[in-house]
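Encoded as structure tokens, the structure appears first; notes follow it.
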Amino acid sequence: MNHERSGELYDRALSVMPGGVNSSVRAAIEPYPPFADHGEGGHLIDADGNRYVDWVMGLGPLLLGHDLPEQVQSEVQRHASAGPMYGMPTEIEVEHAEFVARHVPSVEMLRFVNSGTEATVSATRLARGYTDRNKIVVMQGSYHGANDSTLVEGDIDERGPSTQGIPTEFAEHTIPVPFNDPEAASEAFEEHGDDIAAVLVEPILANKGIVHPVDGYHETLRDLCDDYGSLLIWDEVITGFRVGGLGCAQSKFGIEPDVTTFGKIIGGGFPVGAIGGKSEIISQFTPSGDVFQAGTFSGHPVTMAAGLETLRFAAENDVYEHVNRLGEQLREGLTEIVREQAPNYTVAGTDSMFKLIFTRDGPENVADTCAGGCKQNESCPRYDYCPKTGADVAAAETDRWRRRFWPAMKEQGVFLSQNQFESQFVSYGHTEEDVEKTLAAYREAL
2 MNHERSGELY DRALSVMPGG VNSSVRAAIE PYPPFADHGE GGHLIDADGN RYVDWVMGLG
62 PLLLGHDLPE QVQSEVQRHA SAGPMYGMPT EIEVEHAEFV ARHVPSVEML RFVNSGTEAT
122 VSATRLARGY TDRNKIVVMQ GSYHGANDST LVEGDIDERG PSTQGIPTEF AEHTIPVPFN
182 DPEAASEAFE EHGDDIAAVL VEPILANKGI VHPVDGYHET LRDLCDDYGS LLIWDEVITG
242 FRVGGLGCAQ SKFGIEPDVT TFGKIIGGGF PVGAIGGKSE IISQFTPSGD VFQAGTFSGH
302 PVTMAAGLET LRFAAENDVY EHVNRLGEQL REGLTEIVRE QAPNYTVAGT DSMFKLIFTR
362 DGPENVADTC AGGCKQNESC PRYDYCPKTG ADVAAAETDR WRRRFWPAMK EQGVFLSQNQ
422 FESQFVSYGH TEEDVEKTLA AYREAL
């Protein structure tokens, strides 16, 4: 493949943008990232005309693929042609909120914002305002956007900011605990329970390699929050309207959080975020409550139209059956490949998400391991080796993935997330031929 044009664009970008990008992960690939030109269905065409099977799908928002159905396109164009934006309420944002509230079990009321980061920032402020407490429990290695309250590393006893620019004092109010460790969560509440405003957690660690919860973990968090009067916040920015369909991951796991943060699919490919939950809690946002939250572009009519029509199309067609079936085929195919070629590696995922984690250890006998991706099944021979925490994923062979595997896949016309930790996503625009080509590329690259 020729990448000359992408190289030229990256040289120009380095002069006017830090690292040549507007989001750090885009610069993860060496020597430079491919620059996108346009998309077609489940495919991406870069600035040099190279065509890839695209499993990144904009990092998750493109449930329907790059070619939006006519009903979605027409609604987007209709609202865009009516005027860029108004700074006033519109009917479409009411309709979108009503749709979400009808389908997501825990949601009675929503506040739309403009990104997943803004959603988690607002949700943590809401939790502190509602409970009159300061501390937030998060999972070690989790990512909840560029949020000062969650860019924290360490443990219950010692913690600090994970990036420059955040005062050390801020980190004192964030308590990182390992995902899938109920004892650590209980210890955090025993020590700080009277000042814990909320637990902020992904239902599945989807920003860290796809790690499923062990049996009973989310039930433990729910019980701890109930016992201590804290809020349980589920970050469904990635899993929302992908895992569990229109009911989101909370319907799949049977847990009702107090607050849910959304992003990605809920905007149909346009900038979006949302905070949903019980009316008693969400109504604490201004102007009905005392927790300030506002945004000029919140509830933007074009975004609202794109998001609502995407979800309506998914409700009226076989979108989830299609993407989940292809996701299962990918995971089962990958499982067969790693059994033969790389038995230490772990296939993970659910519904329309998949990931190959380059874990370093595995069982001697892999014949009876989970065929559709690791689900933390205690009877599986791989159970003790499957990642249980973000640290487990980080301990994988990330250099091998970045320097050898990803470039090999790209050269075979398969585009995967440029960060080894992030999920891959199936869209309605993908086909069985895309799955077959991808599995052949994995077999060759491994």
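Start counting the sequence shown at 2; every next residue gets the next number (this note's numbering). Virtual Cβ for every residue (Gly too), placed ideally from N, Cα, C. Fair warning: this is a prediction, and the values are worked out from it, not measured in the lab.
What did DSSP end up calling residue i once you bin it into helix, strand or coil?
i    : result
G278 : strand
L440 : helix
D47  : strand
T164 : coil
E267 : At residue 267 the sequence reads Ile, which differs from the Glu that was named. Residue state, collapsed to three classes: helix.
R87  : Going by the sequence as given, residue 87 is Tyr instead of Arg. DSSP places Y87 in coil when its eight states are reduced to three.
Y53  : strand
D236 : strand
P19  : helix
G241 : coil
M110 : strand
E154 : strand
F406 : helix
V273 : coil
K389 : coil
Q413 : coil
L312 : helix
F286 : strand
P177 : strand
V348 : strand
Would you kindly work out how many angstroms separate the C-alpha atoms of residue i and residue j, rounded to a whole number?
i    : j    : result
Y53  : H431 : 12 Å
S76  : H301 : What sits at residue 76 in the sequence shown is Glu, not Ser. Their backbone Cα atoms lie some 13 Å apart in a straight line.
F406 : V348 : 15 Å
R13  : P19  : 11 Å
P62  : K265 : 4 Å
A189 : E322 : 40 Å
T336 : D228 : 41 Å
Q285 : D49  : 50 Å
R223 : R79  : 43 Å
L197 : V108 : Note that residue 197 is Ile in the sequence shown, not Leu. Straight-line Cα distance between these residues: approximately 22 Å.
V178 : E71  : 46 Å
E5   : L15  : 16 Å
D195 : R134 : 8 Å
G255 : V139 : 21 Å
S82  : V73  : 14 Å
V367 : T91  : 56 Å
F263 : G277 : 8 Å
G155 : E173 : 11 Å
Would residue i and residue j qualify as a contact pair, given that the criterion is a beta-carbon distance under 8 Å?
i    : j    : result
Q421 : I30  : no
A392 : F359 : no
R444 : I338 : yes
V122 : L111 : no
K389 : V212 : yes
V244 : D352 : yes
L127 : V292 : yes
V202 : L327 : no
L232 : A343 : no
V57  : L417 : yes
A199 : S424 : no
D149 : F113 : no
P183 : Y218 : yes
Out of the options, which has the shortest C-alpha to C-alpha gap to residue i?
i    : options                : result
S24  : A128, G246, A147, T91  : A147
F169 : V153, G40, I157, T336  : As written in the sequence, residue 169 is Thr, which differs from the Phe given in the question. Residue V153 is the option with its Cα nearest to T169.
E96  : F426, N3, V260, L309   : L309
S187 : V436, A368, C226       : C226
P214 : R340, D236, N181       : N181
G84  : T439, L417, V303, F355 : V303
E9   : G42, I267, D47         : D47
G374 : E333, R129, S428       : E333
R403 : V26, Y11, S7           : V26
A250 : P204, F113, G194       : P204
E237 : W56, N378, G274, R160  : G274
T439 : E423, Q413, Y429       : Q413
P258 : A315, S380, G230       : G230
S299 : H104, G88, V324, G269  : G88
T164 : N378, T221, G59, Y144  : Y144
Y429 : I239, I157, K253, G66  : G66
D158 : E192, T151, R129       : E192
A316 : D216, Q141, R103       : R103
Rounded to whole angstroms, how far is the Cβ of residue i from the Cβ of residue j, which I believe are closer than 8 Å?
i    : j    : result
V448 : A124 : For residue 448 there is no data in the structure shown, the boundaries of the chain being 2 and 447.
A306 : I167 : In fact, because the Cβ distance is near 36 Å, the residues do not count as touching under 8 Å.
T175 : I137 : 5 Å
A372 : V415 : That belief does not hold up - the Cβ atoms of A372 and V415 are roughly 22 Å apart, past 8 Å.
K356 : G117 : Contact flag wrong, Cβ pair sits at about 19 Å.
D319 : G43  : In fact, because the Cβ distance is near 16 Å, the residues do not count as touching under 8 Å.
P382 : D369 : 6 Å
Y386 : P364 : 6 Å
L69  : F242 : With a Cβ gap of about 15 Å, L69 and F242 do not count as contacting.
Does the ligand HEM have even one heavy atom less than 7 Å from the beta-carbon of residue i?
i    : result
C371 : Although the ligand HEM was asked about, the structure shown includes no ligands whatsoever.
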